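Just so you know, we're using my numbering here: the sequence shown kicks off at 8 and counts up by one. Worksheet: the structure to be examined is printed underneath.
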Amino acid sequence: VTVKSAEQAAVAAYASAPKIPPFWKPDPELWFCQVESVFQRHRITSSATKFHTIVPALDFDVLQQAGDIVKHPSTQPYEDLKARLVNAYAESENKRIQQLLEGRQLGDEKPSHLLRQMRQLAGETVANEMLKTLWMRSLPASMQAILLSTGHTELEKLAEVADRIQEVQRPTEVCAVTAKEESSSLLKEIRRLAEEVAELKLERSSRRQSRSRSRSGHRSNSRGRGPSSSDWLCFYHFRFKENARKCEQPCSWKQKSGEQPE
């Protein structure tokens with residue numbers, strides 16, 4: 008009974024143990040804020056307890072950054088581990104400012120979301136007015152003009168207005184894209200019909216030329232069928248008819264008119 012009770016107590020303790028989220032390398036400071044919220048909810052205040060709670064939740068490559076602290080913990084192991092990981096993975100102040108100065112594009116996200124991301128990069132070192140200038144520069148020109156005309160100076164208020172502007176502008180952009188696609192389809196259809204008309208014209212022209220050659224050949228055959236034909240005429244009678252002064256045999260002119268060739 009004692010062993011069973013101990014097992015039940017262990018299972019209950021495991022079930023009630025704080026659940027630590029996976030370590031987030033892009034922003035270790037934010038991760039530690041999340042972890043400390045878990046500690047507060049579970050009323051964990053001891054540095055050693057915090058340390059032994061988060062160590063099992065860290066991947067091996069993260070633990071390697073603080074191997075000496077894990078192997079030989081001090082009297083304040085949690086504080087040492089936190090400082091080491093923040094220092095190892097947090098971006099330097101210069102790098103964050105550089106990312107801000109390089110500029111960011113709004114893309115498909117909301118202006119307020121972009122502002123929060125830029126504020127996180129800026130930290131405590133970039134003045135609010137400078138952040139406002141960099142954020143405004145990242146917005147479309149049409150949106151900037153509207154925001155400047157509102158007269159608002161508070162950054163959070165400007166972000167709210169920018170979100171509403173984006174919601175209004177997006178249906179217009181969708182309609183513009185749809186109209187462009189329809190126009191492109193119409194142009195393709197016009198080109199296809201033009202090609203078909205050109206092919207029909209070429210086919211009709213070819214047929215006319217063929218009939219013309221056929222008629223020309225038929226007319227030229229009246230003399231071009233050869234001397235063996237019964238109605239073949241010599242050159243003189245073919246050219247001068249009854250005014251011919253000569254005749255070459257064989258020639259059917261004498262048979263038709265009864266004249267004797269010279």
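For every residue, glycine included, the Cβ atom is placed at its ideal position computed from N, Cα and C. It should be emphasised that the depicted structure is a prediction, and the values quoted were computed from it without experimental measurement.
### Message
What does the Cβ neighbour count give for residue 173, buried or exposed, with the cut at 16 atoms within 10 Å?
### Response
Walking along the sequence shown from the start, residue 173 turns up at place 166. Classification for residue 173: buried.
### Message
Starting from residue 38, trace the alpha helix (DSSP H) in both directions and tell me its first and last residue.
### Response
Taking the sequence shown and counting its residues from 1, the one referred to as residue 38 is at position 31. Taken as a continuous stretch (DSSP letters only), the alpha helix (DSSP H) holding residue 38 covers 35 to 48.
### residue 168 (DSSP reduced to helix, strand or coil)
For the purposes of this step, residue 168 is identified with residue 161 of the sequence shown, where counting begins at 1. Three-state DSSP puts residue 168 in a helix.
### Three-state secondary structure assigned by DSSP to residue 87
Reading the sequence shown from its first residue, position 80 is the one you call residue 87. Correct three-state label for residue 87: helix.
### Task
Go to residue 157, then tell me how far its alpha helix (DSSP H) extends in each direction, as first and last residue.
Sequence index remark: in the sequence shown, residue 157 carries index 150 (1-based). Residues 148 to 157.
#### Entry: Host alpha helix (DSSP H) of residue 136 (start-end)
For this step, residue 136 is matched to residue 129 along the sequence shown. Counting along the chain, the alpha helix (DSSP H) containing residue 136 begins and ends at 135 to 144.
### Message
Taking the alpha helix (DSSP H) that residue 6 belongs to, which residues open and close that run?
### Response
This structure gives no information on residue 6, because the portion of the chain shown stretches from 8 to 269.
### Task
Take every Cβ of the segment 114 to 123, pair it with every Cβ of the segment 57 to 77, and state whether three or more of those distances are shorter than 8 angstroms.
no
### Message
So, at 6 angstroms on beta carbons, what are the nonlocal neighbours of residue 255 in its own chain, with the 5 sequence-adjacent residues on each side left out?
### Response
Position 248 of the sequence shown, counting from 1, holds the residue named residue 255. Once the five neighbours on either side are set aside, the close Cβ partners of residue 255 are 241.
#### Entry: Contacts around residue 238, its chain only, beta-carbon distance under 6 angstroms, and the 5 residues preceding and following it disregarded
Position 231 of the sequence shown holds residue 238. Only 259 meet the Cβ criterion.
### Message
Check for me: the alpha helix (DSSP H) holding residue 160 runs from which residue to which?
### Response
To locate residue 160, count along the sequence shown from 1; it is residue 153. Here residue 160 belongs to no alpha helix (DSSP H), and DSSP marks it neither H nor E.
### Query
Taking Cβ to Cβ, would you say residue 169 is nearer than 7 angstroms to residue 150?
In the sequence shown, the residue the question calls residue 169 occupies position 162. In the sequence shown, the residue the question calls residue 150 occupies position 143. Contact flag set, yes.
### Task
Assign residue 244 to one of two classes, buried (16 or more other C-beta atoms within 10 Å of its C-beta) or exposed (fewer than that).
Reading the sequence shown from its first residue, position 237 is the one you call residue 244. Residue 244 is buried by the Cβ-count criterion.
### Message
Would residue 63 pass as an interface residue toward chain B - the criterion being a Cβ-Cβ separation below 7 angstroms?
### Response
Given the protein chain composition of this structure (a single chain), no chain B is represented.
### Query
In whole angstroms, what is the alpha-carbon distance linking residue 95 and residue 25?
Taking the sequence shown and counting its residues from 1, one reaches residue 95 at position 88. Taking the sequence shown and counting its residues from 1, one reaches residue 25 at position 18. Rounded to whole angstroms, residue 95 to residue 25 spans 25 angstroms at the Cα level.
### Query
residue 118 lies in the alpha helix (DSSP H); which residues open and close that run?
For the purposes of this step, residue 118 is identified with residue 111 of the sequence shown, where counting begins at 1. Segment 118 to 129, the alpha helix (DSSP H) holding residue 118.
#### Entry: Inter-residue spacing [alpha-carbon to alpha-carbon] between residue 78 and residue 68
Counted from its first residue, the sequence shown places residue 78 at position 71. Counted from its first residue, the sequence shown places residue 68 at position 61. Their Cα atoms are separated by approximately 15 angstroms.
### Task
Use the C-beta contact count for residue 204: other C-beta atoms within 10 angstroms, 16 or more gives buried, fewer gives exposed.
For the purposes of this step, residue 204 is taken as residue 197 along the sequence shown, with counting starting at 1. The residue is exposed, with fewer than 16 neighbouring Cβ atoms inside 10 Å.
### Query
Does the Cβ of residue 74 lie closer than 6 angstroms to at least one heavy atom of the ligand GDP?
Summarising the ligand content, the structure contains no ligands, and the ligand GDP is consequently not present.
### Query
Roughly how many angstroms separate the alpha carbons of residue 248 and residue 257, rounded to a whole number?
Counting from one through the sequence shown, the residue named residue 248 turns up at place 241. Counting from one through the sequence shown, the residue named residue 257 turns up at place 250. Answer to the nearest angstrom: the Cα atoms are 15 angstroms apart.
### Message
Once DSSP output is grouped into helix, strand and coil, what is the label at residue 20?
### Response
Residue numbering aside, residue 20 sits at position 13 when the sequence shown is read from its first letter. Unreliable placement is indicated for residue 20, whose pLDDT of 47 sits below 50; the coordinate value is still reported in the next sentence. In this structure, residue 20 counts as helix in the three-state DSSP scheme.
### Query
Do the segment 44 to 55 and the segment 79 to 92 touch if we need at least three Cβ pairs shorter than 8 angstroms?
yes
### Query
Residues in its own chain within less than 7 angstroms of residue 175 by CB, not counting five upstream and five downstream?
Position 168 of the sequence shown, counted from the start, is the residue given in the question as residue 175. Excluding positions up to five away in sequence, the list is empty.
### Rounded C-alpha distance that separates residue 131 from residue 167
Looking up residue 131 in the sequence shown gives position 124. Looking up residue 167 in the sequence shown gives position 160. Distance between the alpha carbons of residue 131 and residue 167: 22 angstroms.
### Task
Could you tell me which of 141, 92, 146 and 134 sits nearest to residue 116, measuring between CA atoms?
Taking the first residue of the sequence shown as position 1, residue 116 is located at position 109. With distances taken between Cα atoms, residue 116 lies closest to 146.
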